[in-house]
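In full-length UniProt numbering, the protein residues as written are 1 to 230. This report concerns only the one structure given below.
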Amino acid sequence: MGEHSAGGHSAGRGPREPRGGPGRRALLVGGAAGALGVGGFAARDTLSRWWWRYSGSETPRVEGEVDHAGAEWVPASSANYRQASRPRDYGIDRVVIHMPEATYPITLRVFQDPGHGAATHYVVRSEDGHIAQLARELDVAYHAGHQGFNERSVGIEHEGWADRPEYLTDALYESSARLVAGICDRYGIPVDREHIVGHNEVPDVVRVCPGPHWDWDRYIELVRRAAGAA
Ligand SMILES: [Zn+2]
């Protein structure tokens, strides 16, 4: 897949250096924040977000690179997420837990379908905890059914059905917990139920996912343990 290639970057310029040079950026951001006074912090935040989105200075990527060691790169259709430069343009402070009501291979196939309109960053296999990464954490994947949550979160599907607890294996819980511990570590996200949520807890979203059998106490404890061991 070529859509992540860095062909848009002109030769000879450092990949992180914005077009027009850093001086112009400092002037633009500093000047606007200064003029806005008390609202400066929020204004600065907004400005830098727009800057990263439109400056052409996308975060460099390597095709096939994954954010979680051991994950298998199985890219989603580019119609099911949008490229971003998180956490520079959008801060990441939530992890959203899903259950797809489908098997692992079907879930991957659906997320590779451009007509589906949704994908998570990761899918975890029930049998052995194997993890596929479908979108980079840099990018905004359409998984939460809520724009603000999509922009601020990493989404993870767990093979299975909400009413079939046999899919919730030790391997699935433990592998997912290690994945989430790494995400929390990368972005400074607290390991608690305010920041690690079910899809059913996303505001304005009516979903069962991940379902009544998902053992939150056990899961959070596993994430804490994995975070401590990291
Ligand atoms: Zn869901």
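Heads up, the beta-carbon is just placed ideally off N, CA and C, and yes, glycines get one too. A quick note: this is a predicted structure, and the numbers were derived from the prediction, not measured.
Environment of residue i [buried if 16+ CB atoms lie within 10 Å]
i: G21; result: At G21, the pLDDT of 37 sits below 50, so the modelled position is not reliable and the matter cannot be decided from this model.
i: I106; result: exposed
i: W214; result: buried
i: A144; result: buried
i: G148; result: exposed
i: G115; result: exposed
i: R86; result: buried
i: V62; result: exposed
i: A69; result: exposed
i: E65; result: exposed
i: E166; result: exposed
i: R164; result: exposed
i: E157; result: buried
i: G188; result: exposed
Residues near residue i by beta carbon distance below 6 Å, same chain, minus five either side
i: E151; result: Y90, V140
i: E101; result: W161
i: H199; result: V96, H98, R207, C209
i: V205; result: G145, H146
i: V223; result: A177, V180, A181, V191
i: Q83; result: D139
Beta-ladder partner(s) of residue i, from DSSP
i: V154; result: V95
i: V140; result: R82
i: I131; result: V124
i: W214; result: DSSP, once it has assigned bridges, lists no residue as partnering W214.
i: E72; result: A132
Residue i beta carbon near ligand 1 (any heavy atom closer than 6 Å)
i: H213; result: no
i: H116; result: no
i: H146; result: no
i: H199; result: yes
i: H158; result: no
i: H121; result: no
i: C184; result: no
i: H68; result: no
i: H195; result: no
i: H130; result: no
Beta-carbon proximity list for residue i, same chain, < 7 Å, skipping 5 on both sides
i: L108; result: V74, V123, A132
i: Y173; result: R218, Y219, L222
Extent of the continuous beta strand (DSSP E) run through residue i
i: P198; result: Correcting the residue type first, residue 198 is Gly in the shown sequence and not Pro. Per DSSP, G198 belongs to the beta strand (DSSP E) from 196-198.
First through last residue of the alpha helix (DSSP H) which encompasses residue i
i: L108; result: 104-111
i: R162; result: Checking the displayed sequence, the identity of residue 162 turns out to be Ala instead of Arg. Per DSSP, A162 belongs to no alpha helix (DSSP H) and is neither H nor E.
i: V180; result: 170-187
Cβ-based neighbour list, residue i, same chain, cut-off 8 Å, excluding 5 preceding and 5 following
i: D192; result: I220
beta-carbon residue i near ligand 2 non-hydrogen atom, thresh 6 Å
i: V154; result: For the structure depicted, ligand 2 is absent and the ligand set comprises only ligand 1.
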